[in-house]
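S.K.: Residue numbers (our numbering): 87 to 384. The C-beta atom is built at its ideal place from N, Cα and C for all residues, glycine as well.
So, in structure tokens, the structure goes:
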């Protein structure tokens, strides 16, 4: 009996081990994702002393800002604009323009380039500070970076069901899986529901997850941030956000909702699922900052 019991325990153990080794199927995401867009930083202008970028007043220095595209939308030439703020141009020699754009394509994040593309915008290679320096002067350099960007969204398994009493194939009223590209404006949920006889609706919750502000217009509005959006097959859908067609406006928490409804009712016999694509389009603006200490020459 003891041998039989021991043998049974061994069989159970082998069964459990075998179950634990069953390979799991992992679904690869459509996008890398994330909430990064274009990141900007000033390159060193001098040498570091006490963790501060430092030069002497007799020295010329570089003023360069490097753009790194950490999201999943490619920048075309002149899609990104860098403007220097916070310091009087009359205090410097060697900066021909205080506002410049990228000259080349800045690649998006990809399987072959997971760090994203880069371009360094140079404002001057031999810049001099003109005012007299006593002991030292700390200069706060600020770069306003504005760039054209898009967020790509795919909502999976959207249920097209003309007869809601038919329980087969799919469910209409439920959250839906989604994929979203890496960008500072993202979505946090996608939900399908009914909106009348034969009409299905898709609601997306949109979030400004980046450090800056956005606009769909030519200029930024200090009162609110907004964005544009389009849906694949726009002839089939009516899309609005807070009553506005193809335009969303963020509230004070950086949130907005988009609801897309079918324009025409489904036929009673319609019963299928389909992936739906949307694109958010906007200009995004954020700041990069650094300190330069200029010491008096002895």
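1) For a test of your reading of the model: does the CB of residue 238 fall under 7 Å from any non-hydrogen atom of the ligand GDP? Yes or no.
2) At which residues does the beta strand (DSSP E) containing residue 384 begin and terminate?
3) Am I right that residue 153 and residue 188 are in contact with their C-beta atoms under 8 Å? What's the rounded C-beta distance?
4) Just to confirm, is the Cβ distance from residue 209 to residue 158 under 8 Å?
5) Thinking C-beta only, is residue 199 closer than 8 Å to residue 193?
6) Could you pull out every residue in the same chain whose Cβ sits closer than 7 Å to the Cβ of residue 138, ignoring the five residues on either side in sequence?
7) Helix, strand or coil, according to DSSP, for residue 196 in the structure here?
8) Applying the 10 Å Cβ sphere with the 16-neighbour rule, what's the burial state of residue 165?
9) Can you tell me where the beta strand (DSSP E) holding residue 349 begins and where it ends?
10) Going by the CB atoms, is the gap between residue 207 and residue 168 shorter than 8 Å?
11) Alpha carbon to alpha carbon, how far is residue 251 from residue 195? Give it in angstroms, no decimals.
12) Just curious, the beta strand (DSSP E) that residue 265 is in, first and last residue?
13) Tell me the DSSP secondary structure of residue 261 in three-state form.
14) Comparing C-alpha positions only, which one of 270, 131, 354, 305 sits nearest to residue 366?
15) Pick helix, strand or coil for residue 463, following the three-state DSSP scheme.
16) Which residues in the same chain as residue 108 place their Cβ atom closer than 6 Å to its Cβ, once the five residues preceding and following it in sequence are excluded?
17) Can you tell me the Cβ-Cβ gap for residue 245 and residue 278, rounded? I've got them flagged as a contact below 8 Å.
18) With C-beta atoms as the reference, is residue 292 less than 8 Å away from residue 342?
19) Does DSSP put residue 109 in a helix, in a strand, or in coil?
20) Give the DSSP-derived three-state secondary structure of residue 144 in the structure shown.
21) Let me check one thing: in DSSP terms, what residues is residue 363 bridge-paired to?
22) In three-state terms, what does DSSP make of residue 177?
23) Are the stretch 295-311 and the stretch 353-373 in contact at 8 Å, needing three or more beta carbon pairs?
24) With which residues is residue 171 paired in a DSSP beta bridge?
25) Sort 184, 136, 178 by Cα distance to residue 216 and report the nearest one.
26) Does DSSP put residue 165 in a helix, in a strand, or in coil?
27) Residue 283: which of 126, 175, 248, 274 sits nearest, CA to CA?
28) For the beta strand (DSSP E) holding residue 276, just list the boundary residues, first then last.
29) Roughly how far, in whole angstroms, is the beta-carbon of residue 268 from the beta-carbon of residue 122, given that I think they are within contact range, below 8 Å?
M.R.: Once the coordinates are examined:
1) In the structure on display, the ligand GDP does not appear, and there are no ligands present to speak of.
2) Here residue 384 refers to the residue found at position 298 of the chain shown. Segment: none, residue 384 is in no beta strand (DSSP E) and carries neither H nor E.
3) Here the question's residue 153 lines up with position 67 in the chain shown. Here the question's residue 188 lines up with position 102 in the chain shown. Right, the Cβ-Cβ distance comes to about 6 Å (below 8 Å), so this counts as a contact.
4) The sequence position of residue 209 within the chain shown is 123, counting from 1. The sequence position of residue 158 within the chain shown is 72, counting from 1. Against a cut-off of 8 Å, the Cβ pair of residue 158 and residue 209 comes out as no contact.
5) As a first step, residue 193 must be located in the chain shown, where it is residue number 107. As a first step, residue 199 must be located in the chain shown, where it is residue number 113. Yes, they are a contact pair.
6) Indexing the chain shown from 1 puts residue 138 at position 52. Contacts found: 377, 379.
7) Position 110 of the chain shown, counting from 1, holds the residue named residue 196. Annotated three-state conformation of residue 196 is coil, per DSSP.
8) Counting from 1 along the chain shown, the entry for residue 165 is found at position 79. Per the 10 Å Cβ criterion, buried.
9) The residue labelled residue 349 in the question sits at position 263 within the chain shown. From DSSP, residue 349 is part of no beta strand (DSSP E); its letter is neither H nor E.
10) As a working mapping, residue 168 is identified with position 82 in the chain shown. As a working mapping, residue 207 is identified with position 121 in the chain shown. Cβ distance < 8 Å, so residue 168 and residue 207 count as in contact.
11) Within the chain shown, the letter at position 109 stands for residue 195. Within the chain shown, the letter at position 165 stands for residue 251. Distance between the alpha carbons of residue 195 and residue 251 is about 45 Å.
12) Residue mapping note: residue 265 aligns to position 179 of the chain shown, counting from 1. Taken as a continuous stretch (DSSP letters only), the beta strand (DSSP E) holding residue 265 covers 264-266.
13) Here the question's residue 261 lines up with position 175 in the chain shown. Strand.
14) If you number the chain shown from 1, residue 366 lands on position 280. Residue 270 is the option with its Cα nearest to residue 366.
15) Absent from the model: residue 463. The displayed extent of the chain is 87 to 384, so no value can be given.
16) Along the chain shown, one-based indexing puts residue 108 at 22. Any reading at residue 108 must be qualified, since the residue scores a pLDDT of 39, below 50, and its modelled position is unreliable; the value itself is stated next. The answer is none, since no qualifying residue turns up.
17) As a working note, residue 245 is residue 159 in the chain shown. As a working note, residue 278 is residue 192 in the chain shown. Indeed they touch by this definition, with Cβ atoms about 6 Å apart.
18) Translated into positions along the chain shown, residue 292 becomes position 206. Translated into positions along the chain shown, residue 342 becomes position 256. Yes.
19) What you label residue 109 is simply residue 23 of the chain shown in a count that begins at 1. In this prediction, residue 109 has a pLDDT of 39, which is less than 50 and means its spatial position is unreliable; nothing more can be read from the coordinates.
20) Mapped onto the chain shown, residue 144 falls at position 58. Per DSSP, reduced to three states, the secondary structure at residue 144 is coil, with no helix or strand assignment.
21) As a working mapping, residue 363 is identified with position 277 in the chain shown. Note: residue 363 sits in a beta bridge opposite 240.
22) Residue numbering aside, residue 177 sits at position 91 when the chain shown is read from its first letter. Residue 177: helix per DSSP, three-state reduction.
23) yes
24) The residue given as residue 171 occupies position 85 in the chain shown. According to DSSP, residue 171 bridges with 228.
25) Numbered from its first residue, the chain shown carries residue 216 at position 130. Closest option to residue 216, Cα to Cα, is 178.
26) Translated into positions along the chain shown, residue 165 becomes position 79. If DSSP states are grouped into helix, strand and coil, residue 165 belongs with coil.
27) In the chain shown, counting from the first residue as 1, residue 283 sits at position 197. Out of 126, 175, 248, 274, 248 has the C-alpha closest to the C-alpha of residue 283.
28) Counted from its first residue, the chain shown places residue 276 at position 190. Segment 271-280, the beta strand (DSSP E) holding residue 276.
29) Along the chain shown, read from residue 1 onward, the residue named residue 268 stands at position 182. Along the chain shown, read from residue 1 onward, the residue named residue 122 stands at position 36. Right, the Cβ-Cβ distance comes to about 6 Å (below 8 Å), so this counts as a contact.
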